[in-house]
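A quick write-up on the structure given underneath.
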Amino acid sequence: MPLSVADIQAPIAAEMELFEQKFRGQMKSDVMLLDQIMNYIVKRKGKQLRPMFVFLTAGVCGQITEATYRGASLIELLHTATLVHDDVVDDSNYRRGFFSVNALWKNKVAVLVGDYLLSRGLLLSVDNGDFELLQIVSNAVREISEGELLQLYKARRLDITEKVYYEIIRQKTASLIAACCAVGARSAGVDTETIERARFFGEKVGIAFQIKDDLFDYGTAEVGKPLGIDIKEKKMTLPLIYALSKASFLEKRRIINIVKNDSENPKKVDEVIAFVKNSGGIQYATEAMNTYVAEAQSLLNSFPESPYRQSLHQLVQYTIERSK
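Position 210 of the sequence shown, counted from 1, bears residue number 226 in the working numbering, the numbering being contiguous throughout.
What follows is the structure, encoded as structure tokens:
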């Protein structure tokens, strides 16, 4: 039977409960509309995987401190700000199955809410002198923005190579999980080499996490995001990039033409999915994901054995065995 998030969270269950209380307090506002929206966001938060990476890494490196709580809050505040802004950019009405902020309160309010969350995160760090934590997380937000823009630029031409794909997902997804682990390590007061090792561990986990997410597009699980959504959005992911690299010139041109011009046609999308499966794209991406997981687990083993390390091992497995 697969482990649940609650099982993995066991060594930090008390800390996560306290973190929830602290985080709710940091989301409070005297402006009634803003407070109403903050309550809506807090009640619909996901599995809290990012704070778990922060707390477990701090435990692995030595000690969970007050700075660990502030670091986890900083990550969540800035990440939530980027999600609220993303929903405006994507004109998305849903987030994790619930209405998005922009769907309920319109774009102007959503942009201002994102700005508010960003400012709360910055002030939390500045007021407590957590400048190194702020630097780590700010770098991650910069990389996320660069990764998004690189993907948008490349999507116009559909010429993403495997090298460019990895750079995009390193920036878009892996940089945030890397920041979680670096923040956790820094909050425990360890040296620069240990912080960098923790960051590198998180980066490898993040890359594996994104490849898993890309595999959902081809129906590798019964649940998850809708089938073919990446193809409809003209996103070039690893299974498709590999399949195209093995295709003849005519076949490659046909598939790219579908992605460019017929991605709204369900039958045509099914053709692309079948092409990727028949070309070994799924197997290739799965093997790549497993390689990154093995490298992450190996890095984790360089830290002292503890219940925190055991939970991090389980959390890594959870990220690639999840069904959504």
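Cβ coordinates follow ideal geometry from the N, Cα and C atoms, glycine included.
Here the C-alpha atom of Glu219 lies approximately 6 Å from the C-alpha atom of Ser191. C-alpha of Asp102 to C-alpha of Glu303: approximately 30 Å in a straight line.
Under the three-state reduction of DSSP output, Met32 falls in the helix class. For the pair Leu331 and Phe217, the CB atoms are not nearer than the 7 Å cut-off. Using a Cβ distance threshold of 7 Å, Leu140 and Leu90 count as a contacting pair. Within the same chain, Cβ atoms closer than 7 Å to the Cβ of Asp246 are found at Asp230, Asp233, Thr253, the five residues on either side in sequence being excluded. The region 128-143 and the region 37-53 touch, with no fewer than 3 CB-CB distances between them shorter than 8 Å.
Secondary structure of Ile24 (DSSP, three-state): helix. Annotation: the continuous alpha helix (DSSP H) that includes Phe71 extends over 65-77. Rounded to whole angstroms, Glu82 and Ala88 show a C-alpha spacing of 10 Å. Distance check between Ala126 and each of Leu256, Lys283, Ile57, Gln64 places Ile57 closest, using alpha-carbon atoms only. Taking every protein chain shown into account, the CB of Ala22 has fewer than 16 other CB atoms within 10 angstroms, so this residue is exposed. If you draw a straight line from the Cα of Ser203 to the Cα of Thr84, it is about 5 Å long. Distance from the CA of Gly200 to the CA of Glu280, rounded to the nearest whole angstrom, comes to 43 Å. By the Cβ-count criterion, Glu31 is buried, with 16 or more other Cβ atoms from all chains shown falling within 10 Å of its own Cβ.
The distance from the Cβ of Ala224 to that of Val309 is about 5 Å, consistent with a contact at the 8 Å cut-off.
Using a 10 angstroms sphere on the CB of Pro323, the tally of other CB atoms stays under 16, which defines it as exposed. Per DSSP, Ser261 is one residue of the alpha helix (DSSP H) stretching across 254-261.
The C-alpha of Leu165 is placed about 30 Å away from the C-alpha of Phe39. The DSSP-derived three-state label of Asp278 is coil. Taking Asn144 as the centre and dropping the five residues before and after it, the same chain places the C-beta of Arg86 closer than 7 Å to its C-beta, in chain order. Judged by DSSP secondary structure, Gly296 falls outside any alpha helix (DSSP H); it is assigned neither H nor E. CA-to-CA, the gap between Glu36 and Leu65 works out to about 13 Å. With respect to the C-alpha of Gly137, the residue from Gln226, Leu34, Val157 having the closest C-alpha is Val157.
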